[in-house]
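Below is one structure, written out as structure tokens; the observations come after it.
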């Protein structure tokens, strides 16, 4: 479906401990501009490693990764990371910096003017739906989990990246907050024309948010496709992963009939 | 007279600007140097476990060296280094006072700073480090923008510990020639001036507490990210440093410095010499409490101008002679030897402060002991006490060899307490000093050394090489030569050991001049 992939993995491999632990095994994957890809897998499936290879938080052993058509191994990793947004598992906010300080960090590293950074911070607070005046000067420990993750998203978007990588961004949140944040991000993704890869272990979340879902197991890419394509998969593991959302959907459908809503 | 109205309080207060100022300056310099060395080391070693282990081990070993010994070690070390730089580059520096004190104290401050910095840096949440990398920080930016700010409260706690240690240990820098609050303590201990001891201890404790609280304020401010508290603490420290610099700027620099070793007689004699110089219109000050080996080198290198030493001490310690010569012959040869080092032996004061075996008069008479030889048959059932160095000195080896003397037990004691110990019968014999006033006070008797095993210890006035041609100085001091006999010195020493206002070195020196000067 993609003519010009913005992120392209070609036969990428990565192992740890001198080759004893294979984290990513010959993965090829292309993400088109504007696409939202979710990578689903259990712990140890290699999904986080795969994500980090893209902005060289981890260096690949084999294969080639291209971002916007450029081979990442030929790019300065520091500059590469500054042009890719990254959302960490539980926010990963700097505890000693205010909300504004956290959001403005990458622009600051890029040498933006103070006024420019301040304006961008306010713009982003609006975007992630946090009150400017109320939250700008707060420290991370004064925020709720959901608010922290909103700041994390704002920080990732601060330097106007085309690509956003998200590492289980909503995993530690309560279901309601998680749902609201997921929807809000999906809107941002569309409105800003972002290209997003999101890691999750939750198939339901992946199906609800992403255009396409990749399933990983023991370092290998098992399946890749739209929810409809996935449901046609004959792979046992993919079937197992889809069983839970299917059953939930059926039971919820039975429990909450549409026409009985008030 | 009550303790509160004792005039020695105001005398002590008079020294405070000088002693406190020097104390703060040496402590601040040491702490700054310690931080300048330990912080980069801790940062470099944070990801290098082997280096980190080695550094912490080394710092711990340094910490186990007693403060006094560490300070004392740096003096000869720097002296050798100064000689080396003088020979190689023609650059010489003073190995006396400030420099060795700063180096030793800086070394002492390293452990808490290293340990807390390493702990603080390794305690930063790995998730936060990952985020720093993820947003595009270079390793250096991650260190300065994230790791150090987060580790700062823990580092500050280490700096606080170091500051308190350095301020406490700096009181021990007096014997290597660095003026500090320790001057009160050393002088007070030696002249039994408990007001001074108390004053010194309180001043050092108050200083340590104030600095600790100011640093605590900064630490607290950093922890709670309160700029106000951090700034207030910083301001307090800055004000403290500034306050101690003011008297230093306005201080008149005395031209002549009279040195004194660490015992009462030396405090009195240095005060007497300084008074004579001032009376002759020469500005003079004393630098008291110097270690026995430090003081000679300080004179040779010109850090002090004049002091009183003893012929036998120089003979054995400086020139490493073990042979014993008659009094005049020894003095003559000493004068030649000293002249080779450009040190003038101006002359003798008139008394000897020799080691002597001393016991209670009554007991000596009962046992029929008048000489050391009489002691030989009794010694195997007796105990002897001496100061910290006596039993390792050549005099003791000489006495043992000459007389074939051997005691049941030997003990080391603080010189001031020896005399009371022998008077009370706690020990049988002591190796005392002939000029000590306590000999008369406790009715003790000096056993005669008729085989001349103990060398003569004439009190002599030595002048620094740079005062070789200073006739004004020599003229001012000559009236003292030959004037102070053993009886006068004993009485002066006894007065100095009293615990009241008239027993200050200055007061006793004035009394002594009244007695011998005209």
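Chains as they are written, first to last, in the numbering used here: chain V, 1297 to 1558; chain D, 6 to 523. C-beta atoms are modelled at their ideal positions from N, C-alpha and C, and glycine is treated no differently. Just so you know, these numbers come straight off a predicted model, no measurement behind them.
Under the three-state DSSP convention, the category residue i falls into
{"i": "residue 266 of chain D", "result": "coil"}
{"i": "residue 255 of chain D", "result": "The predicted model places residue 255 of chain D with a pLDDT of 49, which falls under 50 and marks its position as unreliable, so this point remains unresolved."}
{"i": "residue 1449 of chain V", "result": "helix"}
{"i": "residue 1394 of chain V", "result": "coil"}
{"i": "residue 1382 of chain V", "result": "strand"}
{"i": "residue 1412 of chain V", "result": "helix"}
{"i": "residue 1494 of chain V", "result": "strand"}
{"i": "residue 473 of chain D", "result": "coil"}
{"i": "residue 291 of chain D", "result": "strand"}
{"i": "residue 375 of chain D", "result": "coil"}
{"i": "residue 142 of chain D", "result": "coil"}
{"i": "residue 365 of chain D", "result": "strand"}
{"i": "residue 1333 of chain V", "result": "strand"}
{"i": "residue 355 of chain D", "result": "strand"}
{"i": "residue 239 of chain D", "result": "helix"}
{"i": "residue 463 of chain D", "result": "strand"}
{"i": "residue 1558 of chain V", "result": "Unreliable positioning characterises residue 1558 of chain V in this predicted model, as indicated by a pLDDT of 45, which lies under 50. The coordinate reading is nonetheless provided below. It is coil, neither helix nor strand."}
{"i": "residue 1461 of chain V", "result": "strand"}
{"i": "residue 1324 of chain V", "result": "strand"}
Reference residue i, options the options, closest by Cα
{"i": "residue 1473 of chain V", "options": "V:1493, V:1489, V:1446, V:1300", "result": "V:1446"}
{"i": "residue 350 of chain D", "options": "D:76, D:38, D:392, D:304", "result": "D:304"}
{"i": "residue 383 of chain D", "options": "D:371, D:171, D:418", "result": "D:371"}
{"i": "residue 1516 of chain V", "options": "V:1306, V:1300, V:1415", "result": "V:1306"}
{"i": "residue 386 of chain D", "options": "D:414, D:405, D:362", "result": "D:414"}
{"i": "residue 1533 of chain V", "options": "V:1519, V:1544, V:1480, V:1443", "result": "V:1519"}
{"i": "residue 167 of chain D", "options": "D:198, D:91, D:208, D:37", "result": "D:37"}
{"i": "residue 525 of chain D", "options": "D:54, D:98, D:455", "result": "Nothing about residue 525 of chain D can be reported from this structure: the residues present for chain D run from 6 to 523 only."}
{"i": "residue 1378 of chain V", "options": "V:1311, V:1351, V:1423, V:1398", "result": "V:1351"}
{"i": "residue 286 of chain D", "options": "D:477, D:242, D:16", "result": "D:477"}
{"i": "residue 1331 of chain V", "options": "V:1511, V:1489, V:1393, V:1499", "result": "V:1489"}
{"i": "residue 232 of chain D", "options": "V:1540, V:1392, V:1478", "result": "V:1392"}
{"i": "residue 29 of chain D", "options": "D:149, D:184, D:58, D:19", "result": "D:184"}
{"i": "residue 34 of chain D", "options": "D:172, D:309, D:235, D:354", "result": "D:172"}
{"i": "residue 446 of chain D", "options": "D:333, D:453, D:365, D:472", "result": "D:365"}
{"i": "residue 76 of chain D", "options": "D:162, D:346, D:175", "result": "D:175"}
{"i": "residue 262 of chain D", "options": "D:278, D:208, D:501, D:269", "result": "D:278"}
{"i": "residue 1468 of chain V", "options": "V:1315, V:1370, V:1387", "result": "V:1387"}
{"i": "residue 412 of chain D", "options": "D:423, D:425, D:391, D:420", "result": "D:391"}
{"i": "residue 83 of chain D", "options": "D:102, D:16, D:437, D:272", "result": "D:102"}
{"i": "residue 139 of chain D", "options": "V:1457, V:1419, V:1383", "result": "V:1383"}
{"i": "residue 465 of chain D", "options": "D:450, D:377, D:109, D:337", "result": "D:337"}
{"i": "residue 394 of chain D", "options": "D:329, D:433, D:318, D:408", "result": "D:318"}
Partner residues on chain D for residue i, Cβ-Cβ distance less than 9 Å
{"i": "residue 1405 of chain V", "result": "140, 141, 142, 143, 146, 150"}
Within chain V, the residues that residue i reaches when beta carbons sit closer than 8 Å
{"i": "residue 230 of chain D", "result": "1392, 1435"}
{"i": "residue 132 of chain D", "result": "1384, 1385, 1386, 1388"}
{"i": "residue 135 of chain D", "result": "1353, 1384, 1388"}
Whole-angstrom C-beta distance between residue j and residue i, which should lie under 8 Å
{"i": "residue 311 of chain D", "j": "residue 469 of chain D", "result": "7 Å"}
{"i": "residue 123 of chain D", "j": "residue 51 of chain D", "result": "6 Å"}
{"i": "residue 342 of chain D", "j": "residue 482 of chain D", "result": "Actually they are not in contact, since the Cβ atoms of residue 342 of chain D and residue 482 of chain D sit about 21 Å apart, beyond 8 Å."}
{"i": "residue 195 of chain D", "j": "residue 267 of chain D", "result": "6 Å"}
{"i": "residue 1452 of chain V", "j": "residue 1535 of chain V", "result": "Contact flag wrong, Cβ pair sits at about 33 Å."}
{"i": "residue 284 of chain D", "j": "residue 399 of chain D", "result": "So it is not a contact: roughly 39 Å between Cβ atoms."}
{"i": "residue 1406 of chain V", "j": "residue 1364 of chain V", "result": "Not a contact, Cβ separation roughly 17 Å."}
Under 9 Å by beta carbon: chain V residues contacting residue i
{"i": "residue 154 of chain D", "result": "1390, 1392, 1393"}
Partner residues on chain D for residue i, Cβ-Cβ distance less than 8 Å
{"i": "residue 1402 of chain V", "result": "140, 141"}
{"i": "residue 1316 of chain V", "result": "Those do not exist, as residue 1316 of chain V stays about 22 Å from chain D at its closest Cβ, beyond 8 Å."}
{"i": "residue 1451 of chain V", "result": "140"}
Partner residues on chain D for residue i, Cβ-Cβ distance less than 7 Å
{"i": "residue 1378 of chain V", "result": "141"}
{"i": "residue 1374 of chain V", "result": "141, 143"}
Closer than 7 Å: residue i CB and nearest the ligand HEM heavy atom
{"i": "residue 72 of chain D", "result": "You won't find the ligand HEM in this model; it holds no ligand whatsoever."}
| message | Restricting to runs no shorter than 4 residues, where is the alpha helix (DSSP H) found entirely within the segment 384–456 of chain D? | response | 399–408, 420–428, 443–446
| request: List in chain order: all unbroken beta strand (DSSP E) runs of 3+ residues lying wholly within the segment 17–81 of chain D. | output: none
| message | Threshold first: 3 residues or longer. Then list the beta strand (DSSP E) segments lying entirely within the segment 1337–1390 of chain V, N to C. | response | 1358–1363, 1380–1383
| alpha helix (DSSP H) segments (min. 4 residues) lying fully within the segment 156–198 of chain D | 187–195
| request: Kindly provide the ranges of any beta strand (DSSP E) runs that are 3 or more residues long and lie completely inside the segment 1496–1545 of chain V, ordered along the chain. | output: 1508–1513, 1516–1521
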